[in-house]
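Asks: In the working numbering, the protein residues as written are 222 to 696. For glycine and all other residues, C-beta sits at the position ideal for the given N, C-alpha and C. Here it is, the structure in full.
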């Protein structure tokens with residue numbers, strides 16, 4: 222394993238095997254590989270790096286009976302430092318906090334995650350001794366988090382725009398990211414997505430927009446096309462890219478603003494709920510060979526694209542991305558539904574009770590001219606099946622769908638309608654937005670994966686790196 226100097230304030234300490242200047246009268250709790258006297262007769266530090274657990278165990282002794290702290294920062298100063306603070310009360314109980322200093326001021330408690338963990342502590346002869354540990358990260362990090370008081374509705378999409386910190390003046394690569402779900406909000410956070418804002422986006426940096434997404438759609442519209450990462454219930458909270466791949470941030474990378482979008486599923490319509498969830502980018506020191514990209518395929522998330530009848534053992538929703546979008550290659554994706562336990566039609570939409578059929582792929586090298594390719598049935602197709610010259614509005618349309626008697630014959634006819642109807646394909650990439658009409662879904666064969674080796678007792682291997690994120694899929 223390669224160890225990187227992420228703790229710049231302590232980098233010089235890592236070359237010291239043992240210092241003879243230890244002045245604390247208290248023996249350490251355990252044996253450590255390294256130790257040093259930070260200040261004569263005032264502060265001593267011991268530590269051991271655990272490569273397997275990717276963490277570092279510290280023990281700090283300071284000549285005081287108050288609180289003591291150890292800070293780690295990019296440049297050795299207080300600004301931007303990650304700080305572990307601890308003290309031992311009169312009952313001998315250890316208290317330990319994870320704090321963060323945005324500038325030369327009182328560090329605030331880090332409510333997004335706990336990276337510093339207090340283990341043991343004691344006071345003796347006017348000295349305080351505390352043992353604690355911290356994750357050994359091989360990179361910088363950049364947190365994107367929110368502080369939001371939920372509205373009293375069952376479904377809320379909250380958006381907030383962030384700007385790249387000025388310290389990323391040269392291009393860097395994120396080697397992974399971590400989803401930080403507020404522990405008090407685990408029952409209501411359905412999914413969260415970080416989007417890139419268009420390179421031409423302009424915002425007032427002193428008052429970056431935030432709020433309910435639909436209430437400020439004009440401000441957020443330039444930040445809803447390309448993903449930077451995402452998570453939904455059931456997904457991995459920690460994602461690490463392959464060794465030669467990284468997500469580009471800063472420098473000459475044109476994206477300067479990002480937007481985090483969080484879907485809150487407040488099923489019980491509770492009031493007074495606060496949330497401070499977010500996403501943490503782990504930034505490496507070295508550039509990797511490839512930029513990672515995200516490609517979203519599938520079907521639009523609205524009733525004009527997804528109508529799934531009840532009592533269907535296998536209902537297929539196909540989406541087609543034309544060769545126009547991918548220079549000769551076409552993508553077909555499917556969602557297959559079993560609705561035998563349903564009594565009413567299920568429509569596409571944004572709520573947890575609605576359905577979505579989107580697939581987001583992480584791939585490399587990154588394409589800057591294709592981010593999204595989704596399809597929906599055409600308006601003409603709906604007018605034909607409804608035997609109408611117009612459908613007055615979306616509510617009338619929904620009422621008509623719910624009024625259909627879903628017999629087995631009606632379900633079978635609906636599957637043929639969905640498969641054979643004309644549709645509209647929407648293609649988004651960079652600053653381009655294109656549409657293409659299809660008279661019907663082209664004929665295709667399902668992909669058959671051919672094993673590289675036919676040996677029965679050998680596991681099949683695949684040549685394709687494909688990280689699938691079940692983003693926006695309803696549960």
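I'd like the list of long-range same chain contacts for residue 485, defined as Cβ closer than 6 Å, with 5 residues on each side in sequence excluded.
Replies: Position 264 of the chain shown holds residue 485. Taken in chain order, the residues that qualify are 371, 377 and 409.
Asks: Find out if the Cβ-Cβ distance for the pair residue 344, residue 286 is shorter than 8 Å.
Replies: If you number the chain shown from 1, residue 344 lands on position 123. If you number the chain shown from 1, residue 286 lands on position 65. Cβ distance < 8 Å, so residue 344 and residue 286 count as in contact.
Asks: Is the region 397-407 close to the region 471-481, with three or more CB pairs under 8 Å?
Replies: As far as the Cβ criterion goes, the region 397-407 does not touch the region 471-481, which means the pair count is below three.
Asks: Tell me which residues share the same chain as residue 661 and place their Cβ nearer than 6 Å to its Cβ, disregarding the 5 neighbours each side in the sequence.
Replies: As a working mapping, residue 661 is identified with position 440 in the chain shown. Contacts found: 641.
Asks: Would you call residue 510 buried or exposed, if buried means 16 or more other Cβ atoms sit within 10 Å of its Cβ?
Replies: Within the chain shown, numbered from 1, the residue matching residue 510 stands at position 289. By the 10 Å Cβ count, residue 510 comes out exposed.
Asks: List the residues that DSSP assigns as beta-bridge partners of residue 645.
Replies: By one-based count along the chain shown, residue 645 stands at place 424. DSSP, once it has assigned bridges, lists 597 and 658 as partnering residue 645.
Asks: Which of the three DSSP states, helix, strand or coil, is assigned to residue 266?
Replies: Looking up residue 266 in the chain shown gives position 45. Looking at residue 266 - three-state DSSP - the assignment turns out to be strand.
Asks: Are residue 392 and residue 472 closer than 8 Å when you measure CB to CB?
Replies: Sequence index remark: in the chain shown, residue 392 carries index 171 (1-based). Sequence index remark: in the chain shown, residue 472 carries index 251 (1-based). In contact: residue 392 and residue 472 (Cβ atoms closer than 8 Å).
Asks: How far does the alpha helix (DSSP H) with residue 624 in it reach, from first residue to last?
Replies: Sequence index remark: in the chain shown, residue 624 carries index 403 (1-based). Residue 624 -> alpha helix (DSSP H) spans 615-624.
Asks: Taking 8 Å as the threshold, find out whether the region 504-524 comes into contact with the region 586-603 through three or more Cβ pairs.
Replies: Output reads yes: the region 586-603 touches the region 504-524.
Asks: Starting from the Cα of residue 389, find the closest Cα among 655, 283, 260 and 474 and give me that residue.
Replies: Against the chain shown, residue 389 aligns to sequence position 168. With distances taken between Cα atoms, residue 389 lies closest to 474.
Asks: What whole-angstrom Cβ distance do residue 566 and residue 531 have, given they're in contact under 8 Å?
Replies: The residue labelled residue 566 in the question sits at position 345 within the chain shown. The residue labelled residue 531 in the question sits at position 310 within the chain shown. Contact holds; Cβ gap of about 6 Å.
Asks: According to DSSP, is residue 627 part of a helix, a strand, or is it coil?
Replies: One-based indexing of the chain shown puts residue 627 at position 406. Residue 627: coil per DSSP, three-state reduction.
Asks: Are the beta-carbon atoms of residue 445 and residue 382 separated by less than 8 Å?
Replies: The residue labelled residue 445 in the question sits at position 224 within the chain shown. The residue labelled residue 382 in the question sits at position 161 within the chain shown. The answer is no: Cβ separation not under 8 Å.
Asks: Can you have a look at residue 548 and say buried or exposed, based on whether 16 or more other CB atoms are within 10 angstroms of its CB?
Replies: For the purposes of this step, residue 548 is identified with residue 327 of the chain shown, where counting begins at 1. So residue 548 counts as exposed.
Asks: Quick test of the definition: if touching needs 3 or more C-beta pairs under 8 Å, does the region 528-544 touch the region 562-581?
Replies: Verdict: yes, contact present.
Asks: By alpha-carbon positions, which one of 418, 666 and 648 ends up nearest to residue 658?
Replies: On the chain shown, position 437 is the one that residue 658 refers to. The candidate whose alpha carbon is nearest that of residue 658 is 648.
Asks: Tell me the rounded alpha-carbon separation between residue 250 and residue 341.
Replies: Counting from 1 along the chain shown, the entry for residue 250 is found at position 29. Counting from 1 along the chain shown, the entry for residue 341 is found at position 120. C-alpha separation (whole angstroms): 8 Å.
Asks: Do residue 496 and residue 321 have their C-beta atoms closer together than 8 Å?
Replies: The residue labelled residue 496 in the question sits at position 275 within the chain shown. The residue labelled residue 321 in the question sits at position 100 within the chain shown. No, the Cβ-Cβ distance between residue 496 and residue 321 is not below 8 Å.
Asks: Count the other CB atoms within 10 Å of the CB of residue 665; is the residue buried (16 or more) or exposed (fewer)?
Replies: As a first step, residue 665 must be located in the chain shown, where it is residue number 444. Flag for residue 665 reads exposed.
Asks: For residue 258 versus residue 356, is the C-beta spacing smaller than 8 Å?
Replies: Sequence index remark: in the chain shown, residue 258 carries index 37 (1-based). Sequence index remark: in the chain shown, residue 356 carries index 135 (1-based). No, they are not a contact pair.
Asks: Starting from the N-terminal side, write out each stretch of the beta strand (DSSP E) that is 3 residues or longer and does not extend beyond the region 394-456.
Replies: Counting only runs of 3 or more, we get 410-417, 431-433 and 447-453.
Asks: Would you report the Cα separation of residue 395 and residue 460, rounded to the nearest angstrom?
Replies: One-based indexing of the chain shown puts residue 395 at position 174. One-based indexing of the chain shown puts residue 460 at position 239. If I take the Cα positions, the gap works out to 11 Å.
Asks: Given a cut-off of 8 Å, decide if residue 463 and residue 622 are closer than it, judged by their beta-carbon atoms.
Replies: Position 401 of the chain shown holds residue 622. Position 242 of the chain shown holds residue 463. Not closer than 8 Å, so no.
Asks: Considering only their Cβ atoms, is the gap separating residue 305 from residue 299 smaller than 8 Å?
Replies: As a position in the chain shown, residue 299 is number 78, starting the count at 1. As a position in the chain shown, residue 305 is number 84, starting the count at 1. Their beta carbons are not under 8 Å apart, which means residue 299 does not touch residue 305 by this criterion.
Asks: Report all residues from its chain with a CB closer than 6 Å to the CB of residue 231; omit the five preceding and five following residues, and keep chain order.
Replies: As a first step, residue 231 must be located in the chain shown, where it is residue number 10. Here residue 231 scores only 35 on pLDDT, less than 50, and its place in the model is too uncertain to base an answer on.
Asks: Which residues mark the beginning and the end of the beta strand (DSSP E) in which residue 256 is found?
Replies: For the purposes of this step, residue 256 is taken as residue 35 along the chain shown, with counting starting at 1. Its beta strand (DSSP E) spans residues 255-260.
Asks: Give the DSSP-derived three-state secondary structure of residue 290 in the structure shown.
Replies: In the chain shown, the residue the question calls residue 290 occupies position 69. Strand at residue 290.
Asks: Hey, could you find the ends of the beta strand (DSSP E) residue 549 is sitting in?
Replies: As a first step, residue 549 must be located in the chain shown, where it is residue number 328. No beta strand (DSSP E) holds residue 549; DSSP gives it neither H nor E.
Asks: Looking at the secondary structure, which residues open and close the beta strand (DSSP E) in which residue 459 lies?
Replies: Looking up residue 459 in the chain shown gives position 238. Looking at the DSSP string, the run of the beta strand (DSSP E) that includes residue 459 is 459-461.
Asks: Along the chain, where does the beta strand (DSSP E) that runs through residue 519 open and close?
Replies: As a first step, residue 519 must be located in the chain shown, where it is residue number 298. Its beta strand (DSSP E) spans residues 514-520.
Asks: Could you please give me the residues that DSSP links to residue 469 through a beta bridge?
Replies: Locating residue 469 in the chain shown gives position 248, where the first residue counts as 1. DSSP output for residue 469 lists 394 as bridge partner(s).
Asks: By the 10 Å Cβ neighbour count, where 16 or more other Cβ atoms means buried, how is residue 469 classified, buried or exposed?
Replies: If you number the chain shown from 1, residue 469 lands on position 248. By the neighbour-count rule (16 or more Cβ atoms within 10 Å), residue 469 is buried.
Asks: Would you report the Cα separation of residue 449 and residue 284, rounded to the nearest angstrom?
Replies: Walking along the chain shown from the start, residue 449 turns up at place 228. Walking along the chain shown from the start, residue 284 turns up at place 63. Rounded to the nearest angstrom, the two C-alpha atoms are 47 Å apart.
Asks: Out of 553, 424, 451 and 652, which has the shortest C-alpha to C-alpha gap to residue 498?
Replies: By one-based count along the chain shown, residue 498 stands at place 277. Of the listed residues, the one whose Cα sits closest to residue 498 is 451.
Asks: Please report the distance separating the alpha-carbon of residue 246 from that of residue 269.
Replies: On the chain shown, residue 246 is found 25 positions in, with the first residue counted as 1. On the chain shown, residue 269 is found 48 positions in, with the first residue counted as 1. So the two alpha carbons sit approximately 21 Å from each other.
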